[in-house]
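Written out below as structure tokens is the structure these notes cover.
Residue numbers (this note's numbering): 478 to 779.
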């Protein structure tokens with residue numbers, strides 16, 4: 478990632494979310510207030526101009542964007558919104574079950590913490606992100622008056638400082654407290670060694686009974702996405718902006734990786750099946766849903 482510029486991928490993820498929820502059948506699954514909050518953050522950060530908003534809402538642009546996206550990874554747009562809903566639901570549940578801290582690593586322009594902090598004033602919310610992205614996000618949060626006493630945004634280059642060190646020195650983070658850590662759309666940009674270091678840091682910096690929520694790219698499905706000219710264009714774009722994918726794993730490989738780093742999957746496989754969890758109850762199971770990026774809840778092994 479370029480050291481002196483905000484993450485282009487972070488902006489793209491947030492703007493893609495807004496593009497996706499323009500379809501009412503997709504937008505119905507968005508977390509409460511997330512659409513409004515995302516517009517406010519991106520606009521206040523200067524990352525979403527009025528002409529861009531008009532373009533996102535334009536019928537011809539919607540048709541073109543959906544056609545290209547579905548050719549590359551069918552069901553990926555719906556998956557992104559369900560993924561956001563999954564993390565929102567899981568964090569709320571973790572708090573209801575006694576978690577006293579929420580850490581979001583590399584959240585970009587995501588609105589999870591700024592939306593939940595006012596609702597849970599006794600819970601500490603900490604976001605750690607790439608410094609230039611953090612500065613834009615922090616300014617936007619202040620501008621739209623979404624800051625709360627229990628919301629803390631910190632800019633850290635985790636390529637230069639270890640996460641465990643940052644948390645150990647933090648004035649607001651308590652390493653012995655039950656916590657929920659969120660790494661949504663982050664670990665695929667790390668090498669496998671860095672992923673293992675991240676797991677070690679989470680284990681060392683959270684109390685017993687904590688949880689880790691994360692996503693990973695499924696290796697087989699990722700190889701399919703990079704086939705053809707659209708896939709080649711995506712790969713070139715990611716390399717151009719300095720944010721290429723570095724890590725993917727098979728479905729069979731995620732549990733051994735976690736076990737080797739003293740974690741285990743928390744819950745049953747059905748808990749992480751977004752189609753069963755969100756689409757089947759509303760009779761939408763026939764909707765195509767990408768399996769490229771998988772969601773996981775893990776917990777340290779005592």
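Even for Gly, the Cβ is constructed at its ideal location relative to N, Cα and C.
*Inter-stretch contact (C-beta, 8 Å, three-pair minimum) for the region 511-531 and the region 603-618*: yes
*asked:* Does residue 592 pass the burial test, meaning 16 or more other C-beta atoms within 10 Å, or should it be called exposed?
replied: buried
*asked:* If distances are taken between C-alpha atoms only, which option among 535, 765, 752, 557 comes closest to residue 504?
replied: 557
*For residue 498, three-class secondary structure by DSSP*: coil
*For residue 694 versus residue 770, is the C-beta spacing smaller than 9 Å?*
yes
*Inspect the beta-carbon positions of residue 539 and residue 499 and report whether they are closer than 9 Å.*
yes
*How about residue 661 and residue 581: do their beta carbons lie closer than 9 Å?*
yes
*State the CB to CB distance for the pair residue 598 and residue 645, rounded to an integer number of angstroms; the pair is presumed to be in contact (CB under 8 Å).*
Residue 598 to residue 645, Cβ: 25 Å. No contact.
*Output yes or no for whether 9 Å exceeds the beta carbon distance between residue 563 and residue 755.*
yes
_If contacts are defined as beta-carbon pairs under 8 Å, then residue 605 and residue 631 qualify, I think. What distance do you get, rounded to the angstrom?_
5 Å
*Rounded C-alpha distance that separates residue 490 from residue 600*: 27 Å
*Per DSSP, which residues does residue 769 bridge with? Please list them.*
Answer is none; residue 769 lacks a bridge partner.
*Based on the DSSP secondary-structure assignment, which residues constitute the bridge partners of residue 601?*
578
*Helix, strand or coil for residue 733, going by three-state DSSP, please let me know.*
helix
*Taking all protein chains shown into account, decide if residue 613 is buried (16 or more other Cβ within 10 angstroms of its Cβ) or exposed.*
buried
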